[in-house]
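Numbering (the UniProt record's numbering), first residue to last: 1 to 141. One structure is given here, and the rest of the page talks about it.
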């Protein structure tokens, strides 16, 4: 599936819920399905700066695609990074760099987060894009 197709699927799933309490519960459930980062990658280098909670993100190139794993010490944050990994993992660096993140606004996530969590969300997206940028540059050499 393309990034856009996955994002549309996420939008459809969130539209099934009537209120934000149900959506929060769903985000927490998604966090339980997160492909967890190996303990050896839970380092300061992989810690996302700007997050209220601790969030570790690690990306590896597998053939021509980037595979992300992550973890967080907060259940809601774990769900948020799970949504992002679902959208951007197993995709080509170029596609990640070109992808927009409008689906975050479409599901209403940013507006229902505290200011610090919203900043953390932006930092998570930025880190995913930075991995893609690094792998894209490496692939061109």
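For glycine and all other residues, C-beta sits at the position ideal for the given N, C-alpha and C. Being a predicted model, the structure only gives us computed values, none of them experimental.
DSSP three-state assignment for residue 88, whether helix, strand or coil: To locate residue 88, count along the chain shown from 1; it is residue 88. Residue state, collapsed to three classes: helix.
Inter-residue Cα distance where the pair is residue 67 and residue 96: Taking the first residue of the chain shown as position 1, residue 67 is located at position 67. Taking the first residue of the chain shown as position 1, residue 96 is located at position 96. In a straight line, the C-alpha of residue 67 is about 11 Å away from that of residue 96.
Every unbroken beta strand (DSSP E) inside the region 23–85 [3 residues or more]: 55–62 and 65–72
Whole-angstrom distance between residue 131 and residue 64, CA atom to CA atom: As a first step, residue 64 is located in the chain shown; it is residue number 64 there, counting from the start. As a first step, residue 131 is located in the chain shown; it is residue number 131 there, counting from the start. Approximately 13 Å between the Cα atoms of the pair.
Integer-rounded CB distance, given that residue 78 should sit under 8 Å from residue 31: The sequence position of residue 31 within the chain shown is 31, counting from 1. The sequence position of residue 78 within the chain shown is 78, counting from 1. Yes, they are in contact, since the Cβ atoms of residue 31 and residue 78 sit about 3 Å apart, within 8 Å.
Sequence-distant residues of its chain with Cβ nearer than 7 Å to residue 26 (five each side left out): Position 26 of the chain shown, counting from 1, holds the residue named residue 26. Within the same chain, residue 26 has close Cβ partners 17.
Simplified DSSP state of residue 120, which is helix, strand or coil: What you label residue 120 is simply residue 120 of the chain shown in a count that begins at 1. Helix, per DSSP.
Short Cβ contact (8 Å threshold) for residue 2 with residue 35: Position 2 of the chain shown holds residue 2. Position 35 of the chain shown holds residue 35. For residue 2 and residue 35, no; Cβs fall outside 8 Å.
Option nearest residue 94 by Cα separation, candidates 140, 108, 103 and 76: Here residue 94 refers to the residue found at position 94 of the chain shown. Minimum Cα distance to residue 94 is reached at 140.
Helix, strand or coil at residue 113 [DSSP, three-state]: Position 113 of the chain shown holds residue 113. In the structure shown, residue 113 sits in coil (DSSP, three-state: anything other than H, G, I, E or B).
CB-CB length for residue 152 against residue 88, believed under 8 Å: The requested residue 152 is not part of the displayed model; the chain covers only 1 to 141.
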